[in-house]
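Input: a single structure, listed below in structure tokens.
There are 2 protein chains.
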Amino acid sequence: MLQLKAKLFDVEQGQNEVAMNYTKAIELGLTLYDRMHLKLNGKHAVAILDFAHEELAEDEVGLFAEVSKLLDAKLGDVISVEPLQRPLSLDYIKKKLDGKILSQKEISAIISDLMHERLSPTELAAFISAIYINGLAMDETIALTNAISESGDLLKVNGVPVVSMHSIGGVAGDRVTMLIVPIMASLGLKIPKTAARAISSASGTADAMEVLCPVALSVVQIENAIQKTNGCIVWGGAVRLASADDKLIKIRNPLRLDPKSLLLSSILAKKKAEGAKFVLIDIPIGKGAKIERIEEGRALARDFESLGLSLGMQVRCLISDGSSPLSNGIGPALEAKEILATFENNEHNMLFEKACQMCGILLHMVKGISQQEGYEMAIAQMNSGKAFLKFKEIIAAQGGNPTITSKDIKIGEFRAKIFCDERGKVSHIDNVAISKICRLLGAPADKRAGMILKVKKGDNVEKGDEVAEIVASSKQKIDFAMQNLHKAQLMEVEKIIIDLV
Amino acid sequence: MLQLKAKLFDVEQGQNEVAMNYTKAIELGLTLYDRMHLKLNGKHAVAILDFAHEELAEDEVGLFAEVSKLLDAKLGDVISVEPLQRPLSLDYIKKKLDGKILSQKEISAIISDLMHERLSPTELAAFISAIYINGLAMDETIALTNAISESGDLLKVNGVPVVSMHSIGGVAGDRVTMLIVPIMASLGLKIPKTAARAISSASGTADAMEVLCPVALSVVQIENAIQKTNGCIVWGGAVRLASADDKLIKIRNPLRLDPKSLLLSSILAKKKAEGAKFVLIDIPIGKGAKIERIEEGRALARDFESLGLSLGMQVRCLISDGSSPLSNGIGPALEAKEILATFENNEHNMLFEKACQMCGILLHMVKGISQQEGYEMAIAQMNSGKAFLKFKEIIAAQGGNPTITSKDIKIGEFRAKIFCDERGKVSHIDNVAISKICRLLGAPADKRAGMILKVKKGDNVEKGDEVAEIVASSKQKIDFAMQNLHKAQLMEVEKIIIDLV
Chain A
1 MLQLKAKLFD
11 VEQGQNEVAM
21 NYTKAIELGL
31 TLYDRMHLKL
41 NGKHAVAILD
51 FAHEELAEDE
61 VGLFAEVSKL
71 LDAKLGDVIS
81 VEPLQRPLSL
91 DYIKKKLDGK
101 ILSQKEISAI
111 ISDLMHERLS
121 PTELAAFISA
131 IYINGLAMDE
141 TIALTNAISE
151 SGDLLKVNGV
161 PVVSMHSIGG
171 VAGDRVTMLI
181 VPIMASLGLK
191 IPKTAARAIS
201 SASGTADAME
211 VLCPVALSVV
221 QIENAIQKTN
231 GCIVWGGAVR
241 LASADDKLIK
251 IRNPLRLDPK
261 SLLLSSILAK
271 KKAEGAKFVL
281 IDIPIGKGAK
291 IERIEEGRAL
301 ARDFESLGLS
311 LGMQVRCLIS
321 DGSSPLSNGI
331 GPALEAKEIL
341 ATFENNEHNM
351 LFEKACQMCG
361 ILLHMVKGIS
371 QQEGYEMAIA
381 QMNSGKAFLK
391 FKEIIAAQGG
401 NPTITSKDIK
411 IGEFRAKIFC
421 DERGKVSHID
431 NVAISKICRL
441 LGAPADKRAG
451 MILKVKKGDN
461 VEKGDEVAEI
471 VASSKQKIDF
481 AMQNLHKAQL
491 MEVEKIIIDL
501 V
Chain B
502 MLQLKAKLFD
512 VEQGQNEVAM
522 NYTKAIELGL
532 TLYDRMHLKL
542 NGKHAVAILD
552 FAHEELAEDE
562 VGLFAEVSKL
572 LDAKLGDVIS
582 VEPLQRPLSL
592 DYIKKKLDGK
602 ILSQKEISAI
612 ISDLMHERLS
622 PTELAAFISA
632 IYINGLAMDE
642 TIALTNAISE
652 SGDLLKVNGV
662 PVVSMHSIGG
672 VAGDRVTMLI
682 VPIMASLGLK
692 IPKTAARAIS
702 SASGTADAME
712 VLCPVALSVV
722 QIENAIQKTN
732 GCIVWGGAVR
742 LASADDKLIK
752 IRNPLRLDPK
762 SLLLSSILAK
772 KKAEGAKFVL
782 IDIPIGKGAK
792 IERIEEGRAL
802 ARDFESLGLS
812 LGMQVRCLIS
822 DGSSPLSNGI
832 GPALEAKEIL
842 ATFENNEHNM
852 LFEKACQMCG
862 ILLHMVKGIS
872 QQEGYEMAIA
882 QMNSGKAFLK
892 FKEIIAAQGG
902 NPTITSKDIK
912 IGEFRAKIFC
922 DERGKVSHID
932 NVAISKICRL
942 LGAPADKRAG
952 MILKVKKGDN
962 VEKGDEVAEI
972 VASSKQKIDF
982 AMQNLHKAQL
992 MEVEKIIIDL
1002 V
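Shown next, in the form of structure tokens:
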């Protein structure tokens, strides 16, 4: 460990850089751009080494702006400087760049170095780029998923079996999780669900659930809730399950690099960290969904199932119709309201139907009964009110008020109706357009904003019929959304008589 | 531009991160991990956006440790926050990751965004990884080299033609530049040479030249020296020619990513920024050199020549024997001493011979005379003392003492002899081993340290013959080098009688 006197170079380099006297550095066997670890009063920084020839004496270190700020260093401060060993995982990243297959040990080393801040963001970017271009073999994906799943907190759930479900998303109003979790929990299965907030849509499951109760629970709070009620619906961002994945996503995002192997490992590593043994994954397909073609959905399903098997989880995938929204109300409050109303009125709507069918598959997986038997068990839990009771217990366990009813849920007071401008048959309602309009209205941040659909695919409409109503907390938002409505292509209406010749 | 009150989150995130109230961010149409530009009192930072749900009010911004240090921000400071547009060059980097060919405009945009700090190091790393794996077509390499050559300072040299030379390196004692520059300059050609310092060897041309005069000249100082003397030998690191290349090298280095297209563009962009019209590139090959096989050297030569042509430079490559050192003295002072002695004694050694042959090729390129005529012209400049006179002028123009002689050059006072331990014929003297030993002795930082070879390849040696002498500024360094000598495999001696059967 060297002790060097600080000189401050008030220049920003765009990254952490530090300079040492050339003679001193060479004498120590250092090379240009080696990584150095610097410490001062408990603050530390990792910086890339530059050489200085005349500006620095042998007992001095030159701190560029980024580094002097990190260390809070003043001229003359004595800085501890130590060269960092080149981590072995750099060789493994290079190996992947060269298109070779990495061993399980090599992948673990990369994730371990990533978690210990021994890899720089640029080195991780090279790793992700290599995966994007050269792909990962199934064995590598397995090793990566295992390493990621162990990289953060692990949920400890007593009593088996633990089940879970996940949708790759993209369908407006698809809140089946809020029905499936209480149904399965009411049947005695453990189902700890960590859900996402909306990134580009009007509402995520976590956003809608937050209308009813807190969702930012700690690991211990989640474990307690599961202990009490068998289930929970919490926000995954509040806990650090599989946290290496979060670090990788930060680098993937700006370039929108979503190689399939990282998509698979990202989802299943979280499921494994949740302790799930049985996992059902919904892959909605169709126009306006994330995946358009069924072949693509099937290929993804096969990869999920085979990766799951290798991780010690039974994973099944279903391909569902994702070409239309699944509820009438879109937006956090409207979706929570519709879920509560479904329970209250035991309404056999699309959400009810999809949830019970998915429970049927999960029960078939867990209990070895037929899907039909499982489906009927799920319907029985809904009809008997047991699922609703369980939902209230879960709301209470997460810190919400279990007596809340659909009527209690406030939605925005400003409204406008959308009318049809031609006669015909509704041939498509676009998920992407709905998200866009709802976000203009303020969703998901404004939980009370959103849209209420008044028609569904296949309905015949007349010119002037009301097809939807938009909801917001200000007139300004309503006007803004109305102005942008024509750009969004919310619906397609097919003429019944196409032409008169 | 938003004005938000700072809250400080005293957590290091490993990169610049900033948090905003979720509601506010979504309302503004921001997405997780968008890039934000922050300003406070003339200091600024670019940071990745996180969302905060309860911790921040709508008029607050949360600064993580790295960012608050960069801005020197205190609690409650009003920070200007502005989302940065996603640069278009990100799409072009993605395109390269997808294995597609980039247009000249797209490559210019990447280099321009790189120079304006609009690309993060991770995004550049993805670009370099994509080039490493997918390669660059010749048209892309041309565009990249042009963009890089224009990215920094440009030397303005009056009067044509400007010639230049470059060695890809790896041969100990190869200081032909210090002969070629004065020979060519004495013939009236402009030859501004920006040379490198040693990275892994005992001495670079800039290190040896620095024994005789300053080499860290500014662009204006270089232009003045050329004006006066036609030539210079300066350190390239002191000027910012083709400076995008320096930024790329910082990212390439930790992963040792040296795709051929970046090697080519790195060298020729600098030559173009020097204003060179005729460029001679030396590719030493053989055991212990950077390139071992002649086919590889020839392929590289073809690429250099064709890229040069497209850049408007006439580039010729020679493949030379790089399997042995080129001078007896190795190390900055010993090499400078040997060059001066060569001039003083007009010694027809290997350096003299190689330099005159290379000048012959350059003169053939520039003047259209035969290589033999050019070679004889170079020898005449040496024999007449005109080249030496020019060398003294150059030393003076760079700020050195032109009356310096080889005897004035001090070398380390501590010495040890290395003896041969078997009888036979010297079959190989290893450049890499020489570098290693010289660095243990303190070179290149200690200019007086190094090695003097007493034999050359092909010499017959007896057990006990002196084969080399090592030189250092302390006894400790000598002892240390002697202890490590056996590991370095300095020479190979072939038995003349291999076995007696």
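Protein chains in written order, with this note's numbering: chain A, 1 to 501; chain B, 502 to 1002. We treat Cβ as the ideally placed atom computed from N, Cα and C, and that holds for glycine.
Anticipated Cβ contact below 8 Å, residue i with residue j, distance rounded
i	j	result
A:Val61	A:Leu8	Between A:Leu8 and A:Val61 the Cβ distance is about 10 Å, and since that is not below 8 Å, they are no contact.
A:Asn431	A:Gly288	4 Å
B:Pro715	B:Gly900	4 Å
B:Ile467	B:Met952	Chain B is shown from 502 up to 1002; residue 467 of chain B falls before or after that span and cannot be answered.
A:Gly322	A:Gly458	Contact flag wrong, Cβ pair sits at about 16 Å.
B:Ala709	B:Met679	7 Å
B:Val780	B:His865	About 13 Å separates the two Cβ atoms, so there is no contact after all.
A:Ile93	B:Leu557	Their Cβ separation, rounded to whole angstroms, is 36 Å, which puts A:Ile93 and B:Leu557 out of contact at 8 Å.
A:Val467	A:Phe419	7 Å
B:Val568	B:Ala553	So it is not a contact: roughly 14 Å between Cβ atoms.
B:Ala631	A:Ser129	6 Å
Under 8 Å from the C-beta of residue i: neighbouring residues of chain A
i	result
B:Ala946	Tyr22, Thr23, Lys24, Ala25, Ile26, Glu27
B:Arg949	Those do not exist, as B:Arg949 stays about 12 Å from chain A at its closest Cβ, beyond 8 Å.
B:Pro833	Under the 8 Å cutoff, chain A gives no residues; its nearest Cβ is about 11 Å from B:Pro833.
Residue interval of the alpha helix (DSSP H) (run including residue i)
i	result
B:Asn522	Element bounds for B:Asn522: not the alpha helix (DSSP H) but the beta strand (DSSP E), 518-522.
A:Gly374	371-383
B:Met814	Neither: B:Met814 is in no alpha helix (DSSP H) and is coded neither H nor E.
A:Asp113	104-115
A:Val279	Not the alpha helix (DSSP H): A:Val279 falls in the beta strand (DSSP E), residues 278-285.
B:Ala946	Premise fails: B:Ala946 is in no alpha helix (DSSP H) and is neither H nor E.
B:Met983	976-989
A:Ile133	121-134
B:Leu572	566-572
B:Leu529	Element bounds for B:Leu529: n/a, residue is neither H nor E.
A:Ile101	First-last for A:Ile101: undefined, no H or E at that position.
For residue i, the first and last residue of its enclosing beta strand (DSSP E)
i	result
A:Thr177	It is not in any beta strand (DSSP E) - A:Thr177 instead sits in the alpha helix (DSSP H) that spans 177-186.
B:Glu923	Where B:Glu923 is concerned, there is no enclosing beta strand (DSSP E), given that its DSSP letter is neither H nor E.
B:Lys540	536-541
A:Asp50	43-52
A:Ala468	466-472
B:Ile509	Ile is not the amino acid found at residue 509 of chain B; the sequence shown has Leu there. 503-510 is the span of the beta strand (DSSP E), which, as asked, contains B:Leu509.
A:Pro83	78-83
A:Val455	From DSSP, A:Val455 is part of no beta strand (DSSP E); its letter is neither H nor E.
Within chain A, the residues that residue i reaches when beta carbons sit closer than 9 Å
i	result
B:Gly671	Neighbours of B:Gly671 on chain A: none; closest Cβ ~16 Å, over 9 Å.
B:Gly900	Those do not exist, as B:Gly900 stays about 13 Å from chain A at its closest Cβ, beyond 9 Å.
Chain B contact residues for residue i, given Cβ-Cβ distances below 8 Å
i	result
A:Ile251	Thr623
A:Thr31	Ile700, Ser701
Near the ligand GDP: residue i beta-carbon under 7 Å from a heavy atom
i	result
A:Lys7	Judged by which ligands are present, the structure shown has none, so any question about the ligand GDP falls away.
Listed by chain order, chain B residues near residue i by CB distance under 7 Å
i	result
A:Leu255	Leu591, Ile594, Lys595, Glu624, Ala627
Under 7 Å by beta carbon: chain A residues contacting residue i
i	result
B:Gly943	Glu27
The segment 550-572 of chain B: which residues have C-beta closer than 7 Å to a C-beta of chain A, in chain order?
If you check each beta-carbon in the segment 550-572 of chain B against every beta-carbon of chain A, the ones closer than 7 Å belong to His554, Glu567, Lys570, Leu571.
Contacting positions in the segment 578-603 of chain B - beta carbon closer than 8 Å to chain A:
From the segment 578-603 of chain B, only Arg587, Leu591, Ile594, Lys595, Leu598, Gly600 have a Cβ closer than 8 Å to chain A.
Going residue by residue through the segment 332-418 of chain A, where are the continuous alpha helix (DSSP H) segments of at least 4 residues, counting only ones entirely within it?
As summarised for the segment 332-418 of chain A, the continuous alpha helix (DSSP H) elements at least 4 residues long and confined to that stretch are 332-345, 350-367, 371-383, 386-397, given in chain order.
With a floor of 3 residues, list each beta strand (DSSP E) that falls wholly inside the segment 138-207 of chain A, ordered by position along the chain.
Listed in chain order, the complete beta strand (DSSP E) runs (minimum 3 residues) inside the segment 138-207 of chain A are 163-167, 191-195.
When Cβ atoms are compared, which residues of the segment 115-147 of chain A fall closer than 8 Å to chain B?
Listed in sequence order: Glu117, Ser120, Pro121, Thr122, Glu123, Leu124, Ala125, Ala126, Ile128, Ser129, Ala130, Tyr132, Ile133, Asn134.
Can you give, in chain order, each stretch of the alpha helix (DSSP H) that sits fully within the segment 205-272 of chain A and has at least 4 residues?
DSSP runs (the alpha helix (DSSP H)) wholly in the segment 205-272 of chain A: 205-209, 219-229, 243-255.
Pull out every residue of the segment 717-729 of chain B whose Cβ sits closer than 7 Å to any Cβ of chain A, in chain order.
Within the segment 717-729 of chain B, those residues whose Cβ lies closer than 7 Å to any Cβ of chain A are, in chain order, Ala717.
Chain A contacts from the segment 760-789 of chain B (Cβ-Cβ distance under 9 Å)
Per Cβ criterion, the list is empty.
Anything in the segment 731-749 of chain B with a Cβ closer than 7 Å to a Cβ of chain A? List those residues in chain order, please.
Cβ contacts with chain A come from no residue of the segment 731-749 of chain B.
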